[in-house]
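Numbered by mature numbering (1 follows the signal peptide of the UniProt record, and there is no 0), the letters in the sequence shown go through residues -19 to -1, 1 to 479 in order. Cβ coordinates follow ideal geometry from the N, Cα and C atoms, glycine included. I have placed the structure first, in the form of structure tokens, so that the comments after it can refer back to it.
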Amino acid sequence: MKKILSFTFLFFGALTLTAQQKPNVIFILADDLGYGDVSSYGATKINTPNLDKLSDQGVRFTNAHATSATCTPSRYAIMTGEYPWRQSGTGILPGDAALIVPTDQPTLPKIFKQAGYKTAIVGKWHLGLGDAVAKNWNGEVKPGPNETGFDYSFIFPATADRVPTVFMENHHVVALDPTDPIEVDYRKKVGNDPTGLENPELLKMHSSPNHGHNNTIVNGIGRIGYMSGGNRARWTDEEMPMTFLYKATEYIQNNKEEPFFLFYALTEPHVPRMPSTMFKDKSGLGYRGDAILQLDWAVGEIMKQLEYLGIEENTILIFSSDNGPVLDDGYIDGAVTQLNGHTPWGPLRGGKYSVFEAGTRVPMMVSWPGTIAPQVSNALISQIDLMATFSKMFDIKTNTRDSHDMLEVFLGKSTQDREFLIEQGITDNLAIIQGNWKYIAPSEGRKKNELVNIELGNSLQPQLYDLGKDIGETTNLADKYPKKVKELQKKLEAIRKL
Ligand code: NG6
Ligand code: CA
């Protein structure tokens, strides 16, 4: 028993009387999985047995949030503990963007390192790489995840629909052939690879009209951005999530004797959805549903491995999603036509990109068998709190202004709401939740993203909803409660200026 936590008695004293090892922490983050995409959250047209098992064995949160309705800002917040809207350049990044996470400030993985953990990220990154847009993908690419707190990284740079469609292990592209160097450009075509626009006959999945996604074709799928070379290194979409799963399990196996923090960032069900043969056409809901089955299965594989290794009682498993759901996000993949009555947004309004609830309210479960009592928690919490919460757990001082210590709530020992919570839509419009009240600041942004058919929540008028009675944000009560509007507007302004 080398790794005795002296504070165990302090925080878990009431529940656990014996000293225990520092628990491993695995944070699994899905990409674009909606509040209503999981059967333990009410989905009836799709079955997610592994996520349900996780829900049943830990805390299933009904009011947990990503900070933002898109990927890059959400992940920025998880990493830094800072609201992304405080910092320009934290919107959805192109695949050649420079790193946006500061290397000289505390980050979530650095907290774990400080506490003596090994740290790793496997999966989607989307926070930029290198010092500048112009970079040599054939050499050492840095700074990146390794400079922001991860001892080990096995990632893809941006999104599955953006070039370069390659894996990177620490600072290098995996399986790169030096005689076939990679070049990437987001403004003009590079090399002679066919594009979705010029050679649609080569596509195995077509892009949706007006979405773009018709630049360089990789594995029969048009991408955003142009790429040449690196043919041997390019991933096959059907196999790419399996590679991540393999790397995650390999990491767990190799580090089972150490306390480790693994950030396992799944790509499903983000576009392009191109599931493995094992899952193709299995959901009856098109490839989006199949990708959710695949994701659920991967979570189950991790859970099985923890049991097999006998470390499940010494591992905190957190599952969530980076933002809400979207159906057609760029490809004709059956998400709309085979929806079959499925409601990825559950009872919520909006979806990915939206400041309405479905943009940021996401599934979230926290399990720690033997320590956390299984329960459903309606407490208001945010993924941005992971940083202050784990700092508290390890007794490490951080002075993040936006990340709050929610340890008791994470462990199911309290259901105390976060004092307030800020939500961010894609057009930078902000909303604040306090108790049951939600106020959305007036915004000139467009009301709807027609391309994806999602209401963004923008209005020139202030909006006030009572989420306790009206979780679907159907009735704007701003005129009825002007004092509440003023109070929340002031509060939001004050937080902006913190
Ligand atoms: C959007 C893409 C969308 C998706 C998203 C990022 C278009 C028209 N749409 O700009 O397909 O890639 O960016 O998703 O280009 S996220 O989950 O990583 O934020
Ligand atoms: Ca996402």
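Sequence-distant residues of the same chain with beta carbon closer than 7 Å to residue i, five excluded per side
i: residue 466; result: 420, 443, 445, 459
i: residue 53; result: 71, 72, 73, 74, 107, 108
i: residue 409; result: 66
i: residue 354; result: 393
i: residue 249; result: 11, 12, 222, 272, 273, 275, 276
i: residue 388; result: -9, 370, 373, 374
i: residue 351; result: 294
Reduced DSSP category for residue i - H, G, I as helix; E, B as strand; rest coil
i: residue 280; result: helix
i: residue 391; result: helix
i: residue 166; result: strand
i: residue 189; result: coil
i: residue 312; result: strand
i: residue 14; result: coil
i: residue 150; result: strand
i: residue -16; result: Any reading at residue -16 needs caution, since the residue's pLDDT is 44, under 50, leaving its predicted position unreliable; the model's value is listed next. DSSP places residue -16 in strand when its eight states are reduced to three.
i: residue -5; result: Residue confidence is low: residue -5 scores 41 on pLDDT, short of 50, so the model does not pin down where it sits. No coordinate-derived value is stated.
i: residue 5; result: strand
i: residue 290; result: coil
i: residue -11; result: With a pLDDT of 42 at residue -11, under the threshold of 50, the modelled position of that residue is not reliable, and no figure is offered here.
i: residue 183; result: helix
For residue i, the nearest candidate out of the options (CA to CA)
i: residue 217; options: 235, 98, 141; result: 141
i: residue 24; options: 423, 273, 413, 432; result: 273
i: residue 179; options: 193, 42, 323; result: 193
i: residue 226; options: 236, 135, 428, 69; result: 135
i: residue 9; options: 367, 80, 382; result: 367
i: residue 399; options: 172, 252, 406, 386; result: 386
i: residue 447; options: 441, 456, 440, 323; result: 456
i: residue 344; options: 7, 4, 36, 27; result: 36
i: residue 382; options: 478, 238, 441; result: 478
i: residue 384; options: 14, 60, 22, 7; result: 60
i: residue 199; options: 190, 189, 213; result: 213
i: residue 171; options: 104, 243, 22, 210; result: 210
Beta-carbon contacts of residue i that lie in its chain and below 6 Å, excluding the five residues immediately before and after
i: residue 449; result: 417
i: residue 317; result: 308, 309
i: residue 206; result: 76, 143, 144, 167, 196
i: residue 391; result: 347, 370
i: residue 254; result: 268, 269, 272, 314
Cβ shell of residue i (< 8 Å), same chain only, five flanking positions each side left out
i: residue 342; result: 16, 44, 45, 46, 305, 329
i: residue 122; result: 110, 111, 116, 149, 152, 153, 154
i: residue 132; result: 94, 99, 100, 101
Practice task
Let me know the beta strand (DSSP E) ranges lying completely inside the segment 394 to 477, each 3 residues or longer, listed in chain order.
Solution key: 402 to 405, 411 to 415, 418 to 421, 444 to 447
Handout entry: Length-filtered (4 minimum) alpha helix (DSSP H) runs lying within the segment 73 to 137
Key = 89 to 95
Practice task
List in chain order: all unbroken alpha helix (DSSP H) runs of 4+ residues lying wholly within the segment 198 to 282.
Solution key: 221 to 235
Problem - Nearest-residue set for ligand 1, Cβ under 7 Å from any heavy atom - result: 12, 13, 51, 52, 53, 73, 107, 140, 142, 143, 192, 193, 194, 205, 251, 252, 303, 304, 310, 311, 333, 432
Problem - Contiguous alpha helix (DSSP H) assignments of at least 4 residues, all confined to the segment 314 to 400 - result: 338 to 341, 367 to 374, 388 to 391
Handout entry: Runs of alpha helix (DSSP H) lying entirely within the segment 25 to 77, each at least 4 residues, in chain order
Key = 30 to 38, 52 to 61
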